[in-house]
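Residue numbers (this note's numbering): 2 to 192. C-beta atoms are modelled at their ideal positions from N, C-alpha and C, and glycine is treated no differently. The structure presented is a predicted model; accordingly, all values stated were derived computationally and were not measured.
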Ligand code: IMP
């Protein structure tokens with residue numbers, strides 16, 4: 002069985018990947034603690050490529066990375082690529098977004114995920130992108146998930162990501178949709 006390194010230290014993401022990649026015949030390993038990859042590119046795609054490429058080269062194994070975030074229309078797409086750095090923790094990031102949207106009528110937003118898989122020599126072999134549309138609500142709702150989940154109400158079912166169980170979130174989330182698109186390619190590589 003071949004190794005596949007997940008280029009992330011985000012525990013919320015790791016849980017989601019384990020479920021979503023359960024059909025792939027690979028050993029999913031976390032990015033080594035000692036390895037730091039700076040997310041300093043200007044697009045989600047370039048950040049995903051940088052993470053997967055550096056982790057694959059440094060571990061000499063296949064690596065998968067995603068760069069994801071939330072883009073809010075009335076804030077000109079912010080927090081966008083700065084989603085994980087918009088404030089010092091999830092609660093403060095949520096408070097900042099709600100404050101910035103205070104008094105604004107347009108609450109439209111989308112989550113986006115760019116995924117990249119690299120071969121052990123750092124070459125990009127698979128890419129994928131997907132979005133999930135919704136609205137930013139006025140007060141957090143729900144206890145599950147991570148990040149901006151409690152304030153993001155998904156369009157088709159009216160629940161926040163934090164109110165959904167894993168199965169529901171996986172049926173509509175940006176990351177799950179981007180990952181599902183590349184499952185056939187992953188099955189081929191890891192067959
Ligand atoms: P990344 O690790 O650089 O991709 O950071 C993504 C950041 O975007 C996370 O730290 C969260 O703040 C936010 N984010 C991405 N996906 C989700 C999600 O599914 N739910 C909630 N927040 C998310």
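Annotated three-state conformation of residue 174 is coil, per DSSP. Taking a contact as a CB-CB distance under 8 Å, the pair residue 119 and residue 163 does not count as one, their CB atoms being some 32 Å apart. For residue 11, the shortest separation between its Cβ and any heavy atom of the ligand IMP lies below 7 Å. Between the ligand IMP and the CB of residue 74, the shortest heavy atom gap is not smaller than 7 Å. In the structure shown, the three-state DSSP call for residue 57 is helix. Residue 135 counts as buried, since at least 16 other C-beta atoms from the protein chains shown sit within 10 angstroms of its C-beta. A Cβ-Cβ contact shorter than 8 Å links residue 66 with residue 117. Your pair residue 177 and residue 21 checks out as a contact, with CB atoms roughly 6 Å apart and the cut at 8 Å. For residue 127, the beta-bridge partners assigned by DSSP are 118. Per DSSP, residue 97 lies in no beta strand (DSSP E); the unbroken alpha helix (DSSP H) holding it starts and ends at 91-102. Residue environment: residue 55 is assigned as buried (16 or more neighbouring CB atoms within 10 Å of its CB, all protein chains considered).
Within the region 34-87, the runs of alpha helix (DSSP H) at least 4 residues long that lie entirely inside it are, in chain order, 45-60. The C-beta separation of residue 68 from residue 148 comes to about 13 Å, leaving the pair out of contact by the 8 Å criterion. For residue 111, the shortest separation between its Cβ and any heavy atom of the ligand IMP does not lie below 7 Å. In the three-state DSSP reduction, residue 25 falls in the coil class, being neither helix nor strand. Relative to the non-hydrogen atoms of the ligand IMP, the Cβ of residue 172 never comes closer than 7 Å to any of them. Judged by their CB atoms, residue 30 and residue 61 are not nearer to each other than the 8 Å cut-off. From the listed residues 17, 25, 141, 53, the smallest Cα separation to residue 124 is found for 53.
Burial check for residue 165: the Cβ neighbour count within 10 Å reaches 16 or more, so the residue is buried.
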